[in-house]
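Undergrad:
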Amino acid sequence: MSFPTALRIAAQVRDGDVSARAVAEQTLARITAANPALNAFTAVFDAGALAAADRVDADRAAGRPLGPLAGVPFAVKNLFDVEGLTTLAGSKIRRGAAPATADATLIARLKAAGAVLVGALNMDEFAYGFSTENAHDGPTHNPHDLSRIAGGSSGGSAAAVAAGLVPLTLGSDTNGSIRVPASLCGVYGLKPTLGRLSRQGVYPFVHSLDHAGLFARTVDDLAAAYDAMQGSDAADALCDRAAEPVAARLRAVADGPLRVGVLGGWFTQGAFPEALAALAEVAGALDACPVDLPGAATARAAAFALTAYEGARLHAADLRARPLDFDPAVRDRLLAGALLPDAVAEAAHRYRPLFRDAVAALFRDVDILLAPATPCPAPGIGQATMTMGGEEVSVRKTLGAYTQPISYVGLPVVAAPLNRPGQLPIGVQIIAPAWREDLALGAALRLERAGVVAAHPPGGF
Amino acid sequence: MSSRDLETFLATPDAAIAAYGQARAEAVGLALPATVQAGVFDNLALLRTQTALVAAALAAPLATGADGGPTPPFRP
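Structure representation (structure tokens):
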């Protein structure tokens with residue numbers, strides 16, 4: 021079986037083949053049935069979703085124009101502000117915070133396109149992790165194997181899409197928090213260029229590195245939702261660029277010439293055979309040539325240190341007042357970050373333009389770079405360590421080893437799932453130059469049409 | 119904060135990372151509960167290793183630039 025895509029749902033609603041209310045009711049029923057096993061949702065907005073769906077149906081009945089995502093259910097990582105609800109950001113500490121007074125910009129834009137918000141999704145506390153084994157809300161289970169992690173920190177967002185509960189979710193990516201769970205759950209993830217999508221109303225983690233992005237099961241859905249959310253936002257100083265819609269020209273990009281490089285060195289060091297095989301298959305399909313990116317290990321190290329430093333400063337008051345209320349896995353890392361001298365952050369910032377320019381030099385010869393999204397398929401829930409390159413390393417800290425250098429310099433990436441039905445998913449990063457999301461999405465579409473990448477429904481859902 | 123602070127941090131051996139961490143906690147007014155200290159210091163040691171990579175790559179700029187004013191805003 022296959023799950024309906026966002027664009028298919030929107031077309032059916034627009035054509036009157038199905039009502040938005042019926043779609044919402046089916047979605048809510050699927051969540052009720054599946055979420056106890058998955059633990060992807062931390063809140064479900066039954067009444068609000070049905071009311072929003074009724075408004076779409078009323079607009080259609082009245083002959084008013086419908087948005088491009090009319091009636092499409094979506095859900096958001098629980099660090100997005102939802103009007104009237106407390107923004108948890110996966111924490112215990114924020115459970116007593118005042119409710120948000122307005123929706124985050126990206127939620128408002130999806131709603132304006134007709135999409136229907138149905139719930140909020142599990143995550144690593146304060147987005148600091150790659151596993152979504154949340155000490156307060158419990159772990160999110162991977163729909164392809166419930167004994168395994170979904171990845172993180174946007175694990176609920178990836179699992180909800182993978183299990184077919186919704187066709188579209190929002191997440192955030194500071195060091196890999198969209199690309200890692202997309203890889204482990206077998207769905208598409210888009211982390212746009214830093215500053216492309218507004219972060220207004222998204223609970224921050226590391227201001228210098230935070231991106232907002234999305235998950236879907238097809239490239240067309242990813243592009244349509246991305247287009248609906250683009251555009252400058254005065255409430256986010258980084259988001260000052262006019263919208264550059266991609267969906268209408270995606271086929272032309274996919275059919276056009278693409279020069280592709282496949283990253284070696286750091287980006288294959290310690291990778292499991294599944295990750296290397298996925299990379300080789302995608303590289304072969306795109307006639308990629310090997311390229312090396314000097315400085316990737318340093319970029320990852322800089323992102324690692326900057327994350328601890330900035331994250332700790334953001335949470336300084338709570339680290340002083342109530343450190344034991346943090347998720348233990350997050351607390352120890354934040355407290356260590358609080359002890360770092362300021363010069364650590366200065367160094368991490370100073371290396372950033374150097375690495376950006378090194379990547380830009382590669383993009384003089386290629387349009388796209390490929391790298392594994394994760395070193396391995398999903399580890400087990402509760403698995404603390406894994407062996408990488410002969411060394412025992414922390415799962416939580418290492419799953420983003422190949423994603424961190426790329427987000428450090430803010431490049432757009434599509435994480436695309438290799439087409440391997442019946443096996444644990446694994447994804448590949450399709451990396452484009454800054455502001456060229458169209459190239460990453462076009463390459464992903466070419467691969468999807470060739471059957472090289474695909475999001476498969478897991479058994480049992 | 120100066121490049122001397124960075125040099126001190128990077129020069130701290132594993133055996134002294136706990137003492138360094140305690141001193142830093144006092145300096146920044148942070149009380150570290152006894153039950154979390156081992157985990158915190160493990161993470162601090164890892165951060166020192168990562169920072170050393172960055173510092174090595176920036177050896178020349180750091181010598182002249184760590185105290186040289188704010189880094190300009192980054193654009194991708």
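Chains as they are written, first to last, in the numbering used here: chain A, 21 to 481; chain B, 119 to 194. The beta carbon of each residue, even a glycine, is placed where N, CA and C say it ideally should be.
Do you know offhand how far A:Gly134's Cα is from A:Ala118's?
TA: So the two alpha carbons sit approximately 27 Å from each other.
Undergrad: Would you say the beta carbon of A:Ala435 comes nearer than 8 Å to a heavy atom of the ligand HEM?
TA: You won't find the ligand HEM in this model; it holds no ligand whatsoever.
Undergrad: Going by the CB atoms, is the gap between A:Ala40 and A:Val136 shorter than 9 Å?
TA: Yes; because the gap between Cβ atoms is below 9 Å, this pair is in contact.
Undergrad: Excluding the five sequence neighbours on either side, which residues of its own chain have a C-beta within less than 7 Å of the C-beta of A:Ile450, listed in chain order?
TA: Around A:Ile450: Ile388, Leu390, Val433, Val434, Ala436, Ala460, Ala463 and Ala464.
Undergrad: By how many angstroms is the C-alpha of A:Val448 removed from the C-alpha of A:Cys309?
TA: Each residue's Cα considered, the two are about 16 Å apart.
Undergrad: Residues in the same chain with beta-carbon distance under 7 Å from A:Gly284, minus the five sequence neighbours each way, listed in chain order, please.
TA: Hits under 7 Å: Pro310 and Asp312.
Undergrad: So if DSSP puts A:Cys309 in a beta bridge, which residue, or which two residues, is it bridged to?
TA: Looking at the DSSP assignment, A:Cys309 forms a beta bridge with A:Gly281.
Undergrad: In terms of residues, what are the limits of the alpha helix (DSSP H) holding A:Leu2?
TA: What is shown of chain A runs 21 to 481, which leaves residue 2 of chain A out entirely.
Undergrad: Taking 9 Å as the cut-off, decide whether the C-beta atoms of A:Leu339 and A:Leu355 are in contact.
TA: In this structure, A:Leu355 lies closer than 9 Å to A:Leu339 by Cβ.
Undergrad: Less than 9 Å between CB atoms is the rule here; does A:Leu461 satisfy it with respect to chain B?
TA: By this cut-off, A:Leu461 is not an interface position.
Undergrad: At 7 Å on the CB atoms, spell out the chain A contacts of B:Pro131, in chain order.
TA: Neighbours of B:Pro131 on chain A: none; closest Cβ ~16 Å, over 7 Å.
Undergrad: Kindly give me the distance between the Cβ atoms of A:Pro163 and A:Ile401, rounded to whole angstroms, as I take these residues to be in contact under 8 Å.
TA: Between A:Ile401 and A:Pro163 the Cβ distance is about 13 Å, and since that is not below 8 Å, they are no contact.
Undergrad: If you scan the stretch 243-294 of chain A from start to end, which runs of the alpha helix (DSSP H) of 4 or more residues do you find wholly inside it?
TA: Entirely contained in the stretch 243-294 of chain A, the alpha helix (DSSP H) runs reaching 4 residues are, in chain order, 270-275.
Undergrad: Give the straight-line distance between the Cα atoms of B:Arg166 and A:Val282, rounded to the nearest whole angstrom.
TA: The straight-line gap from Cα to Cα measures roughly 31 Å.
Undergrad: For a cutoff of 9 Å on Cβ pairs, would you count B:Asp137 as touching chain A?
TA: Checking the sequence shown, residue 137 of chain B turns out to be Ala, not Asp. With 9 Å as the cut-off, B:Ala137 does not count as an interface residue toward chain A.
Undergrad: What does B:Ala143 reach in chain A if we use C-beta pairs closer than 7 Å?
TA: Residues of chain A passing the Cβ test: Leu359.
Undergrad: Could you tell me the alpha carbon to alpha carbon distance between A:Arg320 and A:Ala81, rounded to whole angstroms?
TA: Answer to the nearest angstrom: the Cα atoms are 53 Å apart.
Undergrad: Since A:Lys112 and A:Met143 are thought to touch, with beta carbons under 8 Å apart, how far apart are those beta carbons, to the nearest angstrom?
TA: Not a contact, Cβ separation roughly 13 Å.
Undergrad: The alpha helix (DSSP H) with A:Gln46 in it runs from where to where?
TA: Unbroken alpha helix (DSSP H) run through A:Gln46: Ala40 to Leu58.
Undergrad: So what's A:His161 in DSSP terms, helix, strand or just coil?
TA: A:His161: strand per DSSP, three-state reduction.
Undergrad: For a contact defined as C-beta to C-beta under 8 Å, what are the partners of B:Ala175 on chain A?
TA: Correct list: Gly315, Thr318, Tyr371 and Leu374.
Undergrad: Taking the straight line between their C-alpha atoms, what separation do you get for A:Arg370 and B:Val146?
TA: Straight-line Cα distance between these residues: approximately 24 Å.
Undergrad: Note down, in chain order, every chain B residue with its Cβ under 8 Å from the Cβ of A:Asp352.
TA: Val154, Gly157, Val158, Asp160 and Asn161, listed in chain order.
Undergrad: DSSP puts A:Leu210 in a beta bridge; with which residues?
TA: For A:Leu210, which the question treats as bridged, DSSP gives the partners A:Leu234 and A:Val434.
Undergrad: Following the continuous beta strand (DSSP E) through A:Ser192, name the residue where it begins and the one where it ends.
TA: Counting along the chain, the beta strand (DSSP E) containing A:Ser192 begins and ends at Leu188 to Asp193.
Undergrad: Taking contact to mean at least 3 C-beta pairs separated by less than 8 Å, is the stretch 421-432 of chain A in contact with the stretch 357-376 of chain A?
TA: Counting Cβ pairs under 8 Å, three or more are found: they touch.
Undergrad: State yes or no: is the beta carbon of A:Phe8 nearer than 9 Å to at least one beta carbon in chain B?
TA: Beyond the ends of chain A as shown, which are 21 and 481, falls residue 8 of chain A; an answer cannot be given.
Undergrad: Grouping DSSP H, G and I as helix and E and B as strand, with all else coil, what is A:Leu461?
TA: Looking at A:Leu461 - three-state DSSP - the assignment turns out to be helix.
Undergrad: Take B:Ser121 as the anchor and find which of A:Ala363, A:Ala393, A:Tyr422 and A:Gly442 has the nearest alpha-carbon.
TA: Looking at the Cα atoms, A:Ala363 is the closest of the given residues.
Undergrad: With a threshold of 8 Å, are at least 3 pairs of Cβ atoms found where one atom belongs to the stretch 67-75 of chain A and the other to the stretch 150-159 of chain A?
TA: Short answer: they don't touch.
Undergrad: Assuming the contact rule is C-beta atoms closer than 8 Å, A:Phe225 and A:Gly209 should be a hit. Round their C-beta distance to whole Å, please.
TA: Going by Cβ atoms, the distance from A:Phe225 to A:Gly209 rounds to 17 Å, so no, they are not a contact pair.
Undergrad: Within its chain, find whatever has a CB closer than 8 Å to the CB of A:Arg2; leave out the 5 residues flanking it on each side and keep chain order.
TA: With chain A covering only 21 through 481, there is no way to say anything about residue 2 of chain A.
Undergrad: Secondary structure at B:Asn161, three-state DSSP: helix, strand or coil?
TA: Helix.
Undergrad: At the level of alpha carbons, what is the spacing between A:Pro361 and A:Ala323?
TA: Roughly 16 Å between the two C-alpha positions.
Undergrad: Less than 8 Å between the CB atoms is what I'm expecting for A:Gly290 and A:Pro395, so what's the real figure, rounded?
TA: 6 Å between Cβ atoms; contact.
Undergrad: For the beta strand (DSSP E) containing A:Glu412, list its first residue and its last residue.
TA: Here the beta strand (DSSP E) through A:Glu412 covers Glu411 to Ser414.
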